[in-house]
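Below you'll find the structure, written out as C-alpha cells, and then a few comments.
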Amino acid sequence: MTHTDADVAALRAHVDQLFPAVQADLESLVRIPSVSASAFDASHVVASAEAVAALLRDVGLPEVQILRSERPDGTPGAPAVVARRPAPAGAPTVLLYAHHDVQPPGDAAAWDTEPFEPVQRGERLFGRGAADDKAGVMAHVGALRALAALGEEPGVGVTVFVEGEEEAGSPSFSRFLADHHALLSADVIVVADSTNWKVGVPALTTSLRGLVDGVVGVEVLDHAVHSGMFGGPVLDANLLLARLLTTLHDDAGTVAVDGLTSAGEPEVDYAEADFRADSSVLDGVRLAGEGTIAGRLWTKPAISVIGVDATDVAHASNTLAPRAAAKLSVRIPPGLDPQAAEDALRAHLTAHAPFGARVTWTPGEQGKAFGAPDDSAAMRAARSAFAAAWGTDPVDIGVGGSIPFIADLLEAFPEAAVLVTGVEDPDSRAHGANESVHLGELRKVLVAEALLLRGLGGR
C-alpha cells in the first residue's frame, strides 16, 4: 500500500488540529484512578468505562455497549466497552483493542507528580495510565476522529474493544470472547498495548514472552524459636529461602532450570548502552545472562523475585523464622508451553530443597507466549502506514513482557491477523513511578492508525 505525500500531509494537518482535544481527553481519562486490582475501589473502573463509552459515541460509532462476563470464580468481571460500525459489503472488519484499567500507583514518594493528576513537562505527559494504556484508547479514538474530519469512513468494519481488567490478568477475558464471539469477530485485530523501538522509530511487536508465576514457600520449624538458644544446628527459613532462590541461576546469571528452554536469537539487537540507559541499571552492575541483549529480553526465559514474605527489619526479633515465601515471575519464550514451564520450575524447587526444608509451590497465573508469522498482508499494511507516519521504516521487535490474552484472541479467531502496536517508548516507565507518554509519538500513532485503517480498506 502506497501513501502519497499529499494524503499523509493532509491527514497529519487534521491530526495536529485535533490533537489538543485528544490530549485533553487523555488527561481526563488519567484523572480517573481506574485500578482494577481487587484491593482498590471498583467504582473508578466503572467510571472509566463510562468515560470511554462516551468518547466512542462522540466519534460516531453507532453501537456502543458496556458489557461484563463472569470470572472463573463466578464473580462479575470488570466492565469492558465494545463499539461497532459494521463493515461495508465485502469489506473486512478490524478489531481495535486497548484497555482502560491501570496498575496501582505504587509508592507515592517515588512519583515527581501526583499519579492521577496529569502533568505535561516538555513533550511528555506524566500520570498513571498516560501510556499504558489510556494512550492506546486515545490512539483508536483519535485515528477515527482524524478520518471523520476528512469526511472519510475507513472502508472497513470497525469494532473497538476496550477491556477493563488487563492489569489484573484479564480473568474474564476468555469467557467474554465466548459470550460475545459474534460481536468481536474480525479479520484483523490491532492490539495497541505495546511499545515502539525508541522515540522517532516505530515498531511492530512480532513476539512476546509468556508468563508463569506463583509462590514458593520454605518451612523449617513448627514455630519461631530463640536464635541464640537454637541457632547453629538450625538455619532459619529466610536464609534457606535465599539459598533456594540462588539455585535458579548459574554464576553468569543464566536461568539454570532444566526444561526452561530458549528460542533463537533475534535479528535485531539492543545496544547495551541503550539498554542500560532505558532500564536505569546502576553503573558497575554487571548484566546477567549470555548472548545478545535482545535475545536475553525476548527469546530466553527470565525468573524474577517480585515479592517476599519474610520478617521485616523494623519488627525483627531474636528468633529463627519458621517459614518464608517468595513470589516468582517467570517469563517464557515463544514455543515453550506454560504448563511445561511450571512443571519444570516446580521440579527444580523441590529437587533443590535446602537442608531438607519443606518446599511448597502455589501456582498463580499462566499466559502463553506470542509469535507472529513472518509476514502477512496486514503486517505489510502496518509497515507501510508506520513508515509514512514516522518517515522511517519500522523495526520488527520482540518484547520481554507478556500479553497472555493474545493467545485467547487467536484461539477464538484463528483466521484473524493480529498486529501488536503501541504508543510507549523505552522511557515510558509503564507500571512504574513517573509513567509518561511522548506526545509527539502519540501524534504519529494517530496518523499511522488512520493510514492503517485506510490501507486495510483498500485505499
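Letter by letter, the sequence shown follows residues 1 to 459 of the UniProt record's numbering. Cβ atoms here follow ideal geometry from the backbone N, Cα and C, with glycine treated the same way.
CA-to-CA distance, W361 to A321, given in whole angstroms: Going from the Cα of A321 to the Cα of W361 covers about 19 Å.
Among all the DSSP beta bridges, which residues are the ones paired with K198? Per DSSP, V201.
On the DSSP letters alone, give me the boundaries of the alpha helix (DSSP H) that S28 sits inside. It spans D5 to V30 - the alpha helix (DSSP H) in which S28 sits, taken as one unbroken run.
Of the choices V418, E441 and E219, whose alpha-carbon is the least far from that of L456? Selected option, being the one with the closest Cα: V418.
Measuring alpha carbon to alpha carbon, tell me which of G440, A433 and R454 ends up nearest A109. Among G440, A433 and R454, the Cα nearest to that of A109 belongs to A433.
Chain-order list of residues whose beta-carbon lies under 7 Å from that of L55 (same chain, five-residue window excluded): Cβ within range, chain order: D25 and V141.
Confirm, please, whether the CB-CB distance from P354 to R286 is below 8 Å. The answer is no: Cβ separation not under 8 Å.
Please work out which residues of its chain come closer than 6 Å, Cβ to Cβ, to A310, disregarding the five sequence neighbours upstream and downstream, and give them in chain order. Closer than 6 Å at Cβ, skipping near neighbours: N238 and A324.
Where R84 sits in the DSSP three-state scheme: Of the three classes helix, strand and coil, the one that applies to R84 here is strand, per DSSP.
Any contact between the segment 218 to 225 and the segment 164 to 172? By contact I mean 3 or more CB pairs, one from each, below 8 Å. In short, these stretches do not touch, since the Cβ pair count stays below three.
Quick check: what's the CA-CA separation for D393 versus G440? The C-alpha of G440 is placed about 17 Å away from the C-alpha of D393.
Nearest-angstrom Cα separation, counted from S262 out to S304: The alpha-carbon atoms of S304 and S262 are separated by roughly 17 Å.
From the DSSP output, which residues share a beta bridge with I397? Answer is T205.
Is it buried or exposed for Q23, if we count other Cβ within 10 angstroms and need 16 for buried? Buried.
Which parts of the UniProt domain "Peptidase M20 dimerisation" (207 to 354) are runs of the beta strand (DSSP E), unbroken and 3 residues or longer, counting only runs that do not cross its ends? With a minimum length of 3 residues, the continuous beta strand (DSSP E) runs that stay inside the UniProt domain "Peptidase M20 dimerisation" (207 to 354) are 210 to 219, 302 to 309 and 323 to 332.
Quick one: what does DSSP say A407 is sitting in, helix, strand or coil? In the structure shown, A407 sits in a helix (DSSP, three-state: H, G or I).
Check whether the Cβ atoms of L147 and L453 sit closer than 8 Å, and answer yes or no. In contact: L147 and L453 (Cβ atoms closer than 8 Å).
Tell me whether V162 is buried or exposed, calling it buried when 16 or more other Cβ atoms sit within 10 Å of its Cβ. That one is buried.
Comparing C-alpha positions only, which one of A273, T421, R12 and H100 sits nearest to E166? Per the C-alpha coordinates, the member of A273, T421, R12 and H100 positioned closest to E166 is H100.
Compare the C-alpha of G458 against each of P373, R380 and A387 and name the closest. Checking every option, the nearest Cα to that of G458 belongs to R380.
Three-way DSSP call (helix, strand, coil) for L125 in this model: DSSP places L125 within a strand segment (E or B) once states are collapsed to three.
Kindly indicate the opening and closing residues of the alpha helix (DSSP H) around residue 468. An answer regarding residue 468 cannot be provided, because it is not within the stretch 1 to 459 covered by the chain.
If you follow the alpha helix (DSSP H) that W361 is part of, which residue opens it and which one closes it? For W361, there is no enclosing alpha helix (DSSP H); the residue is found in the beta strand (DSSP E) stretching over R358 to G367.
What does the alpha-carbon distance come out to for the pair V308 and P301? Roughly 21 Å separates the two Cα atoms.
Close Cβ partners of T2 (< 6 Å) along its chain, the five nearest in sequence each way excluded: So the list is empty, once near-sequence residues are dropped.
Got a sec? Which residues, its chain only, sit under 7 Å from R175 by beta carbon, not counting five neighbours each side? Apart from sequence neighbours up to five positions away, the residues of its chain that approach R175 with a beta-carbon distance below 7 Å are S69 and E70, ordered along the chain.
Given a threshold of 16 other Cβ atoms within 10 Å of its Cβ, counted over all protein chains shown, does G264 qualify as buried or as exposed? G264 comes out exposed.
Could you confirm whether any beta carbon from chain D is found closer than 8 Å to the beta carbon of D312? Chain labels in this structure do not include chain D; a single protein chain is all it has.
Return the first residue and the last residue of the alpha helix (DSSP H) that A149 is part of. Here the alpha helix (DSSP H) through A149 covers K134 to A149.
Report buried or exposed for L282, applying the criterion of at least 16 other Cβ atoms within 10 angstroms of its Cβ. So L282 counts as exposed.
Determine contact between the segment 105 to 123 and the segment 419 to 429, defined as no fewer than three beta-carbon pairs at a distance below 8 Å. The segment 105 to 123, when compared against the segment 419 to 429, does not touch it at the 8 Å Cβ threshold.
Return the CA-CA distance between T4 and Y97, expressed in angstroms with no decimal places. Pairing T4 with Y97, the inter-Cα distance amounts to about 28 Å.
Would you mind working out which of S207, R296 and V395 sits nearest S402, comparing C-alpha positions? When each option's Cα is compared against that of S402, the closest is S207.
Pairing CB atoms from the segment 196 to 210 with CB atoms from the segment 128 to 143, are three or more of them under 8 Å? Cβ pair count under 8 Å is below three, so no.
Contacts around V8, its chain only, beta-carbon distance under 8 Å, and the 5 residues preceding and following it disregarded: Same-chain partners within the cutoff: A388, A389, V447 and L451.
Just the C-alpha distance for V160 and L67, rounded to the nearest angstrom, thanks. Between V160 and L67, the C-alpha separation is close to 13 Å.
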